[in-house]
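Protein chains in written order, with this note's numbering: chain A, 3 to 291; chain B, 530 to 874. Input: a single structure, listed below in structure tokens.
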Amino acid sequence: MTEWLNVILQGVLIGGLYAMFAAGLSLIFGVMRLVNIAHGDLIVLAAYVALMVTQTLGLDPLTSLLLVVPAMAIIGYALQRLLLNRTLGDDLLPPLLVTFGLSIIIQNGLLELFTADSRKLQAGAVETMTYQIGPGIWLGLLPLIQFVVAVAVIAALQVLFYRTSLGRAFRATSDDPSVAQLMGLDTRHVFAMAMALSLAVVAIAGVFLAVRSNFDPAIGPARLIFGFEAVIIGGLGSMWGTLAGGVILGVSQAIGAQIDPGWQLLAGHIVFLVILAVRPQGLFPKVSG
Amino acid sequence: MSEQGRNRVEHATRSSRIGVGIIGIVLLVLVLAPFWGDRQMLRLLAELSTFVALASLWNLLAGYAGLVSVGQQAFVGLGGYLLFAMVILGGVHPIAAIFIAGPIAAAVSIPVAALTFRLRGAYFAIGTWVVAEVFRLLASQVSVLGGGSGISLPAAAVIAMAPTRQAREFEIYWLALALTVLVLAAIVTLLRSRHGLALTAIRDNELAAQSNGIGVTRVKLIVYVLTAFGTAMIGALIFLMKLRISPDTAFSVNDWTAFVIFITVIGGIGRIEGPIIGTIIFFLMRQTLSDLGSLYLLIMGAVAIVVMLWAPKGLWGLIADRYGWQALPLQRHLVFDDARRAGDT
Numbered sequence: 003m004t005e006w007l008n009v010i011l012q013g014v015l016i017g018g019l020y021a022m023f024a025a026g027l028s029l030i031f032g033v034m035r036l037v038n039i040a041h042g043d044l045i046v047l048a049a050y051v052a053l054m055v056t057q058t059l060g061l062d063p064l065t066s067l068l069l070v071v072p073a074m075a076i077i078g079y080a081l082q083r084l085l086l087n088r089t090l091g092d093d094l095l096p097p098l099l100v101t102f103g104l105s106i107i108i109q110n111g112l113l114e115l116f117t118a119d120s121r122k123l124q125a126g127a128v129e130t131m132t133y134q135i136g137p138g139i140w141l142g143l144l145p146l147i148q149f150v151v152a153v154a155v156i157a158a159l160q161v162l163f164y165r166t167s168l169g170r171a172f173r174a175t176s177d178d179p180s181v182a183q184l185m186g187l188d189t190r191h192v193f194a195m196a197m198a199l200s201l202a203v204v205a206i207a208g209v210f211l212a213v214r215s216n217f218d219p220a221i222g223p224a225r226l227i228f229g230f231e232a233v234i235i236g237g238l239g240s241m242w243g244t245l246a247g248g249v250i251l252g253v254s255q256a257i258g259a260q261i262d263p264g265w266q267l268l269a270g271h272i273v274f275l276v277i278l279a280v281r282p283q284g285l286f287p288k289v290s291g
Numbered sequence: 530m531s532e533q534g535r536n537r538v539e540h541a542t543r544s545s546r547i548g549v550g551i552i553g554i555v556l557l558v559l560v561l562a563p564f565w566g567d568r569q570m571l572r573l574l575a576e577l578s579t580f581v582a583l584a585s586l587w588n589l590l591a592g593y594a595g596l597v598s599v600g601q602q603a604f605v606g607l608g609g610y611l612l613f614a615m616v617i618l619g620g621v622h623p624i625a626a627i628f629i630a631g632p633i634a635a636a637v638s639i640p641v642a643a644l645t646f647r648l649r650g651a652y653f654a655i656g657t658w659v660v661a662e663v664f665r666l667l668a669s670q671v672s673v674l675g676g677g678s679g680i681s682l683p684a685a686a687v688i689a690m691a692p693t694r695q696a697r698e699f700e701i702y703w704l705a706l707a708l709t710v711l712v713l714a715a716i717v718t719l720l721r722s723r724h725g726l727a728l729t730a731i732r733d734n735e736l737a738a739q740s741n742g743i744g745v746t747r748v749k750l751i752v753y754v755l756t757a758f759g760t761a762m763i764g765a766l767i768f769l770m771k772l773r774i775s776p777d778t779a780f781s782v783n784d785w786t787a788f789v790i791f792i793t794v795i796g797g798i799g800r801i802e803g804p805i806i807g808t809i810i811f812f813l814m815r816q817t818l819s820d821l822g823s824l825y826l827l828i829m830g831a832v833a834i835v836v837m838l839w840a841p842k843g844l845w846g847l848i849a850d851r852y853g854w855q856a857l858p859l860q861r862h863l864v865f866d867d868a869r870r871a872g873d874t
């Protein structure tokens, strides 16, 4: 019994990480209906940026966020302004294929620079600290920090979306980009800000991913899929929904892995497909796509 | 209006007549390849023709029906695994297995479509990818087919195809060529049919097509199922040529989707000629740049982005727009009967 409680607890905590993968994806889809196929590879890119920062400056991974987050945000802004804005329009194909091409470029660029070796960020003592919260039930400090950060990120996005002028610009552009432009909003800038914000979240997710487990240039697509599944499970456009989606995905994978290690990923995919079959709008939908 | 003065719809143009002539000659040269090419040349041509088929099928799906899938590796791998399962577990002849794999995959694609069609646009793309991942993970659970590490085709089944190695190589090559011609012929027939008119309308403007009474979802479903059918047959053939299958090679997103998308985009998406031109460019690039390793893939991704942004109709699109060429008789144009014209004036 306690074994299963531990498993579910681990699943919930990893769900926070998945929710962060999902939040960035959901954000840009909400604002500009763009699905970024390179999202997972950008998470991995953030992990490598953090690796370089920690190695060259000798910083602790969590402190490195102070540099990695702005760096990724700038990359996001530039990427949107210089490349992705050109792809937006009625046709679905250009954004999809351009981000797919980008995904291939990032993966192979990282492979060229860092080889296929697996890497990991060392966070020191934080990694091994655990607390006993009940008879036989253990809670790691790092997973806990990661989950709290995920909740904080999602709460911050929620506040930003509904309480700030940037959020108002996001919502206006999301509702109708041409009217938003008529009202004096520069939609190219608004889209670029959304991508910057998305990659800021990606940076946080990337650093936690890199501290938690090994990473190599090829793991991006799987992260995209986890994020995507969390978005669909939670319901399009709902920020708290992505957290719920991430947690459901994390718990399903943890339970699957407990039954048979080969079933970890499969269990997550199957729960996603079942939800798609019985409740295609997701559990907490907000906007229709 | 006179009785015999009926207007006709013709497909052929002067360029398409020349095009069909050239294609006929090229095809003849290719059929005779075993007599002029060496073993390596045959392997290359067979591989090339499987990519023409895969890209043409993806083009039909994404370019015409607007179903941008990044999960067609699901059906390539399924076809491959069906062939191995039938040959190893059922003792079916490998070539028969190719033709059985098609309808089975088509049947599998119906429930897959029922799920993935719930996702729209780009989310559909990732949804198809999840399905391919599920197939990959399931394949690695099947221990009689080698589980995660894969399995080779038993020597007895290979020898049963043809006694000598050379005869086998000729057989496989002709099979690859025949299947590709079959796939292309099926696509051309489909596009020239009533459904093809509907598909072209959907390609040009989905909303307008729908308001003109086209059952868009139905047409898309038909295309999705047919594409699965063809993709699985080609998949079965590919792994019959490789003689070995594993979950990672069978359901590889790079080999069966990234390359195929690259080929179609470069050649010209939404045009039947595009994948053929694209495959030739892809193989030329591969032969010259493959020494560069991962840098080569990086260049490929960059070329695809550049083409998508600045020449979204691809190379053939540029040519066709400029000169009005079509290599195959697909366009419809109205031909006024001379008698009627004379009668009217």
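The C-beta atom is built at its ideal place from N, Cα and C for all residues, glycine as well.
Item: Nearest chain B C-beta to residue 129 of chain A closer than 7 Å, yes or no?; Value: no
Item: Does the beta carbon of residue 37 of chain A sit closer than 7 Å to a beta carbon anywhere in chain B?; Value: yes
Item: Applying a beta-carbon distance threshold of less than 8 Å, which residues of chain B neighbour residue 250 of chain A?; Value: Simply none; closest approach about 15 Å.
Item: Looking at the strands, I want to know which residues DSSP matches up with residue 12 of chain A.; Value: Paired residue(s): none; residue 12 of chain A is not in a bridge.
Item: Is the region 611-627 of chain B touching the region 681-692 of chain B, taking contact as three or more C-beta pairs under 8 Å?; Value: yes
Item: At a Cβ cut of 8 Å, what residues of the region 277-288 of chain A count as close to chain B, listed as they run along the chain?; Value: 278, 279 and 282
Item: Taking a Cβ distance cut-off of 7 Å, strictly less, list which residues of the region 252-267 of chain A are near chain B, in chain order.; Value: 264 and 267
Item: Between the region 651-663 of chain B and chain A, which residues of the former have a C-beta closer than 7 Å to a C-beta of the latter?; Value: 651, 652, 654, 655, 658, 659, 662 and 663
Item: In chain order, what residues of the region 203-236 of chain A put their CB closer than 9 Å to some CB of chain B?; Value: 219, 223, 224, 226, 227, 230, 231, 233 and 234
Item: Report the residue from B:783, B:794 and B:769 whose alpha carbon sits nearest the alpha carbon of residue 806 of chain B.; Value: B:794
Item: With distances taken Cα to Cα, identify the nearest neighbour of residue 608 of chain B among B:756, B:715, B:742 and B:751.; Value: B:756
Item: Evaluate residue 582 of chain B with the Cβ neighbour count: other Cβ atoms within 10 Å of its Cβ, from every protein chain shown; 16 or more gives buried, anything less gives exposed.; Value: buried
Item: Find out if the Cβ-Cβ distance for the pair residue 764 of chain B, residue 599 of chain B is shorter than 7 Å.; Value: no
Item: Under the assumption that residue 706 of chain B contacts residue 560 of chain B (Cβ atoms under 8 Å), give the Cβ distance between them as a whole number of angstroms.; Value: 7 Å
Item: Where does the unbroken alpha helix (DSSP H) through residue 103 of chain A begin, and where does it stop?; Value: 95-116
Item: Determine the DSSP secondary structure at residue 816 of chain B, reduced to helix, strand or coil.; Value: helix
Item: Taking the beta strand (DSSP E) that residue 139 of chain A falls in, what are its first and last residues?; Value: 139-142
Item: Pull up the distance between the alpha-carbon of residue 873 of chain B and that of residue 864 of chain B, whole angstroms please.; Value: Residue confidence for residue 873 of chain B is low, a pLDDT of 45 falling below 50, so the modelled location carries little weight and cannot support an answer.
Item: Mapping the DSSP letters down to three states, classify residue 671 of chain B as helix, strand or coil.; Value: coil
Item: Do you know how far the Cα of residue 784 of chain B is from the Cα of residue 676 of chain B?; Value: 20 Å
Item: Taking only the alpha-carbon atoms, compute the straight-line gap between residue 213 of chain A and residue 71 of chain A and give it to the nearest angstrom.; Value: 15 Å
Item: Considering just the uninterrupted stretch of the alpha helix (DSSP H) at residue 716 of chain B, what are its terminal residues?; Value: 694-721
Item: Using beta carbons (cut-off 7 Å, strictly below), is residue 8 of chain A in contact with chain B?; Value: no
Item: Find the residues of chain A that neighbour residue 686 of chain B, judging by a C-beta separation of less than 9 Å, and give them in chain order.; Value: Those do not exist, as residue 686 of chain B stays about 28 Å from chain A at its closest Cβ, beyond 9 Å.
Item: Rounded to whole angstroms, what is the Cα-Cα separation between residue 37 of chain A and residue 69 of chain A?; Value: 26 Å
Item: Do residue 792 of chain B and residue 594 of chain B count as a contact pair if the criterion is CB distance below 7 Å?; Value: no
Item: With the cut-off set at 7 Å, would you say residue 121 of chain A and residue 64 of chain A are in Cβ contact?; Value: no
Item: Helix, strand or coil for residue 201 of chain A, going by three-state DSSP, please let me know.; Value: helix
Item: With 7 Å as the limit, tell me which residues of the region 746-760 of chain B have their beta carbon closer than that to any beta carbon of chain A; keep them in chain order.; Value: none
Item: Using a beta-carbon distance below 7 Å, is residue 647 of chain B in contact with chain A?; Value: yes
Item: Mapping the DSSP letters down to three states, classify residue 786 of chain B as helix, strand or coil.; Value: helix
Item: Taking the DSSP output, what are the residues bridged to residue 863 of chain B?; Value: B:538
Item: Report buried or exposed for residue 693 of chain B, applying the criterion of at least 16 other Cβ atoms within 10 angstroms of its Cβ.; Value: exposed
Item: Would you verify that the beta carbon of residue 809 of chain B is, or is not, closer than 7 Å to some beta carbon of chain A?; Value: no
Item: Any C-beta of chain B sitting closer than 7 Å to the C-beta of residue 94 of chain A?; Value: yes
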